[in-house]
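Visitor: Counting in our numbering, the sequence shown runs from 9 upward without gaps.
Every residue gets a Cβ at the ideal spot worked out from N, C-alpha and C, and that includes glycine.
None of the values given here were measured: they were computed from a predicted structure.
I have a structure I would like to understand better, so I am pasting it below and will then ask my questions one at a time.
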Amino acid sequence: MSKSHFGLIGLGVMGENLVLNAERNGFSSVVYNRTYSKTEEFLNARGAGKNIQGATDLKDFVDKLERPRRILMMVKAGPAVDAVVDQISPYLEEGDLLIDGGNSDYQDTERRVQQLESKSFGFIGMGVSGGAKGALEGPSMMPGGTKSSYDAIESLVSKMAAQVEDGPCVTYIGPGGSGHLVKTVHNGIEYGIEQILAEAYDLMKRVKGMSGVQMADVLAQWNATEELSSYLVEITEVCLRTKDPDDGADLVEKIMDQAGQKGTGLWTVVTALQMGAPVPTIYASLNGRVMSSIKQQRVHAEGILKGPAVIDFDLGQPGDAMAPLMDAVVLSCVASYAQGMELLRIASNDLDYSLHMPSIAQIWKGGCIIRSRLLKRIQDAFNSDPQLENLMIDPWFAEQVNRRLPGLAKVVAGAAEAGIPVPCFSSTLDYINSYRTGRLPQNLVQAMRDCFGSHTYKRVDQDGSFHTEWLN
Ligand code: NBP
Numbered sequence: 009m010s011k012s013h014f015g016l017i018g019l020g021v022m023g024e025n026l027v028l029n030a031e032r033n034g035f036s037s038v039v040y041n042r043t044y045s046k047t048e049e050f051l052n053a054r055g056a057g058k059n060i061q062g063a064t065d066l067k068d069f070v071d072k073l074e075r076p077r078r079i080l081m082m083v084k085a086g087p088a089v090d091a092v093v094d095q096i097s098p099y100l101e102e103g104d105l106l107i108d109g110g111n112s113d114y115q116d117t118e119r120r121v122q123q124l125e126s127k128s129f130g131f132i133g134m135g136v137s138g139g140a141k142g143a144l145e146g147p148s149m150m151p152g153g154t155k156s157s158y159d160a161i162e163s164l165v166s167k168m169a170a171q172v173e174d175g176p177c178v179t180y181i182g183p184g185g186s187g188h189l190v191k192t193v194h195n196g197i198e199y200g201i202e203q204i205l206a207e208a209y210d211l212m213k214r215v216k217g218m219s220g221v222q223m224a225d226v227l228a229q230w231n232a233t234e235e236l237s238s239y240l241v242e243i244t245e246v247c248l249r250t251k252d253p254d255d256g257a258d259l260v261e262k263i264m265d266q267a268g269q270k271g272t273g274l275w276t277v278v279t280a281l282q283m284g285a286p287v288p289t290i291y292a293s294l295n296g297r298v299m300s301s302i303k304q305q306r307v308h309a310e311g312i313l314k315g316p317a318v319i320d321f322d323l324g325q326p327g328d329a330m331a332p333l334m335d336a337v338v339l340s341c342v343a344s345y346a347q348g349m350e351l352l353r354i355a356s357n358d359l360d361y362s363l364h365m366p367s368i369a370q371i372w373k374g375g376c377i378i379r380s381r382l383l384k385r386i387q388d389a390f391n392s393d394p395q396l397e398n399l400m401i402d403p404w405f406a407e408q409v410n411r412r413l414p415g416l417a418k419v420v421a422g423a424a425e426a427g428i429p430v431p432c433f434s435s436t437l438d439y440i441n442s443y444r445t446g447r448l449p450q451n452l453v454q455a456m457r458d459c460f461g462s463h464t465y466k467r468v469d470q471d472g473s474f475h476t477e478w479l480n
């Protein structure tokens, strides 16, 4: 058999679909999996009749690839990536290229790029978004590393990626771990939007007593708007409409209220805190998952801590897309994107990544989980001002904020009185109110810090650092 164009390591959900995608696009492939029986199963089922061959071990795998080799690893982030790199390195030759397509920590990728390039191999850290379906039909891909390494895979990834009106949903992101950083922040934004939609669902259900189908009808209206048309709104509508085949009840009501996480949301928040980028909506969504995980404690506390009874308040009319609730959802989604983009801008400066913000918005327009019509507006905003400090001050987004802020405030106030937690909505309201306040009360914080710890303070009316003997 002739040598293959492309190699894939790790036949999990993503790996299987990505190799079928590559093969469909004309790249003959070879696959390797730690447990060989999975390789056999794949070749006998979905891989049957395709230009895909299997390898029993890594030497066999490397031998079956044309040079320079292009190898995509789809294994769990962390030690599994290092294990595969260590196992395959003895068989690689100068110019061969490894791509880590998992959700790796960008700092690990920085280290691996240096480690592999010191041995004259190439290494690309590439975020891949789109789930199983996206991987098969065309994901959004965020590759980072040395530019010459990217050039060697450009023809492959631009064919595999989702295509939108202005090109494939893949571009060279930047050096080192930049591709994985962008994917991490993508996931942070995704956490935000998922929690926002869950909060909207909770209010419609508990305050208005709406059924799954009634809520799905509202989501369908939202999905028809420029502001909310998106993959996540679309699938939320599907989830709300789906019935349990056993008894015809809404299936979501049978699902345990504990959300899992694999690390990217946490890394987004930790990176943001380290770099001084405010991401309160994204943080609230992460914390929402953490709170959800302490189920036993919540159930115990439910009988002890008495909040107000759930009262009815104005969330709008179902026939009118629940207008104030839609305001809350739109602004919280805008805040998630704004916070993610601001984090990327700050990280780009700190890490010297030279991220091109319009291109990042462009490659998120198709294939990925946070794809939405709003991304076209985000792309336009950064095209007109590549140094835009915050999306919310772009004229189109500023108009949205100014028009929808009263609706968001009404929803947060109503939820507070009804005792229903809305962490993303309320964090967004505080975020916007803080961002549009020229003078915050941190002057008093500075006074306290100087009072107890002589930390000094700056004055608004004089230059220099000042200290006062407050307790004399
Ligand atoms: P899974 O975790 O389902 O599977 C990983 C595969 O890697 C398994 O088939 C496993 O083999 C293989 N593997 C090899 Br080869 N060497 C391994 C080692 N040393 N340790 C552990 N496993 C090894 O993968 P997945 O869900 O396709 O995800 C792969 C990566 O893509 C992850 O980083 C994930 O976060 C990321 N990602 C996933 C999605 C998604 O929707 N699932 C989306 C975007 C990104 P085995 O058969 O012997 O266990």
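Starting from the C-beta of S186, find all residues in its chain whose C-beta is less than 6 Å away, skip the five residues before and the five after it, and write them out in chain order.
Guide: As a working mapping, residue 186 is identified with position 178 in the sequence shown. Closer than 6 Å at the Cβ level, and outside the excluded window around S186, lie G152 and Y361.
Visitor: Are there any heavy atoms of the ligand NBP lying less than 7 Å away from the beta-carbon of R297, as far as the coordinates show?
Guide: Numbered from 1 along the sequence shown, position 289 holds the residue referred to as residue 297. Checking every heavy atom of the ligand NBP against the Cβ of R297, none is found closer than 7 Å.
Visitor: Please name the residue in A285, N33 and A343 whose C-alpha comes closest to that of N357.
Guide: On the sequence shown, position 349 is the one that residue 357 refers to. When each option's Cα is compared against that of N357, the closest is A285.
Visitor: Is it buried or exposed for P332, if we count other Cβ within 10 angstroms and need 16 for buried?
Guide: As a working note, residue 332 is residue 324 in the sequence shown. Flag for P332 reads buried.
Visitor: Taking the Cβ atom as the reference point for each residue, do Y4 and L294 lie within a distance shorter than 8 Å?
Guide: The structure shown has nothing for residue 4, since the chain only spans 9 to 480.
Visitor: Buried or exposed, going by whether 16 or more other CB atoms sit within 10 Å of the CB of F460?
Guide: For this step, residue 460 is matched to residue 452 along the sequence shown. It is exposed - the Cβ of F460 has fewer than 16 other Cβ atoms within 10 Å.
Visitor: Any heavy atom of the ligand NBP inside 7 Å of the beta-carbon of N111?
Guide: Here residue 111 refers to the residue found at position 103 of the sequence shown. Within the cutoff, so yes.
Visitor: Tell me, to the nearest whole angstrom, how far the beta carbon of L352 is from that of L363; I am working on the premise that it is less than 8 Å.
Guide: Mapped onto the sequence shown, residue 352 falls at position 344. Mapped onto the sequence shown, residue 363 falls at position 355. Between L363 and L352 the Cβ distance is about 6 Å, and since that is below 8 Å, they are a contact.
Visitor: Mind checking S435: buried by the 16 CB within 10 Å criterion, or exposed?
Guide: Taking the sequence shown and counting its residues from 1, one reaches residue 435 at position 427. Result: buried.
Visitor: Along the beta strand (DSSP E) that carries I17, what are the first and last residues, could you check?
Guide: Within the sequence shown, residue 17 is the residue found at index 9, counting from 1. Start and end: F14 to I17.
Visitor: What I want to know is whether the C-beta of I17 ends up closer than 7 Å to one or more non-hydrogen atoms of the ligand NBP.
Guide: On the sequence shown, residue 17 is found 9 positions in, with the first residue counted as 1. Flag set: Cβ of I17 near the ligand NBP.
Visitor: Cβ of V453 within 7 Å of any heavy atom in the ligand NBP?
Guide: Position 445 of the sequence shown, counted from the start, is the residue given in the question as residue 453. No, since every heavy atom of the ligand NBP falls outside the 7 Å radius drawn around the Cβ of V453.
Visitor: Per DSSP, what are the beta-bridge partners of R78 in this structure?
Guide: Here residue 78 is taken as the residue at index 70 of the sequence shown, counted from 1. Answer by DSSP bridge pairing, in chain order: L105.
Visitor: Do the region 125-139 and the region 366-379 make contact, defined as three or more Cβ pairs closer than 8 Å?
Guide: Yes, the region 125-139 is in contact with the region 366-379.
Visitor: How about Y40 and F14: do their beta carbons lie closer than 8 Å?
Guide: Counting from one through the sequence shown, the residue named residue 40 turns up at place 32. Counting from one through the sequence shown, the residue named residue 14 turns up at place 6. Going by C-beta atoms, Y40 is not nearer than 8 Å to F14.
Visitor: Measure the C-alpha to C-alpha separation of L399 and M349 and round it to an integer number of angstroms.
Guide: Your numbering for residue 399 matches position 391 in the sequence shown. Your numbering for residue 349 matches position 341 in the sequence shown. Looking at the two C-alpha atoms, the distance is approximately 8 Å.
Visitor: Tell me whether P176 sits in a helix, a strand or coil according to DSSP, three-state version.
Guide: Locating residue 176 in the sequence shown gives position 168, counting from the first residue. Residue state, collapsed to three classes: strand.
Visitor: What residue does the alpha helix (DSSP H) around I368 start on, and which one ends it?
Guide: Here residue 368 refers to the residue found at position 360 of the sequence shown. I368 -> alpha helix (DSSP H) spans M365 to I371.
Visitor: Less than 8 Å between the C-beta atoms of L490 and I17, yes or no?
Guide: Outside the modelled stretch of the chain, which goes from 9 to 480, sits residue 490, for which no answer is possible.
Visitor: Can you tell me whether G23 is helix, strand or coil according to DSSP?
Guide: For the purposes of this step, residue 23 is taken as residue 15 along the sequence shown, with counting starting at 1. DSSP places G23 in helix when its eight states are reduced to three.
Visitor: Less than 8 Å separating the beta-carbons of V409 and L339?
Guide: Residue mapping note: residue 409 aligns to position 401 of the sequence shown, counting from 1. Residue mapping note: residue 339 aligns to position 331 of the sequence shown, counting from 1. Yes; because the gap between Cβ atoms is below 8 Å, this pair is in contact.
Visitor: Within 10 angstroms of the Cβ of M9, are there 16 or more other Cβ atoms? Answer buried if so, exposed if not.
Guide: Position 1 of the sequence shown holds residue 9. By the neighbour-count rule (16 or more Cβ atoms within 10 Å), M9 is not buried but exposed.
Visitor: Secondary structure at D402, three-state DSSP: helix, strand or coil?
Guide: For the purposes of this step, residue 402 is identified with residue 394 of the sequence shown, where counting begins at 1. In the structure shown, D402 sits in coil (DSSP, three-state: anything other than H, G, I, E or B).
Visitor: Quick check: the region 154-169 against the region 382-391, are there 3 or more CB pairs under 8 Å?
Guide: Contact fails: fewer than three Cβ-Cβ distances are below 8 Å.
Visitor: Can you give me the start and stop residues for the beta strand (DSSP E) that Y40 sits inside?
Guide: Position 32 of the sequence shown, counted from the start, is the residue given in the question as residue 40. S37 to Y40 is the span of the beta strand (DSSP E), which, as asked, contains Y40.
Visitor: Is the beta carbon of A329 closer than 8 Å to that of W230?
Guide: On the sequence shown, position 222 is the one that residue 230 refers to. On the sequence shown, position 321 is the one that residue 329 refers to. A contact, by the Cβ cut-off of 8 Å.
Visitor: From this set, D438, S367 and D469, which residue's C-alpha is nearest V172's C-alpha?
Guide: Along the sequence shown, read from residue 1 onward, the residue named residue 172 stands at position 164. For the residues D438, S367 and D469, the minimum Cα distance to V172 belongs to S367.
Visitor: Strictly under 8 Å for the Cβ-Cβ distance: is K167 near chain B by that measure?
Guide: You won't find chain B in this structure, because it holds only one protein chain.
Visitor: Would the beta-carbon of G220 fall within 8 Å of that of L248?
Guide: Position 212 of the sequence shown holds residue 220. Position 240 of the sequence shown holds residue 248. Contact: yes.
Visitor: Can you have a look at K72 and say buried or exposed, based on whether 16 or more other CB atoms are within 10 angstroms of its CB?
Guide: By 1-based counting over the sequence shown, the position of residue 72 is 64. Flag for K72 reads buried.
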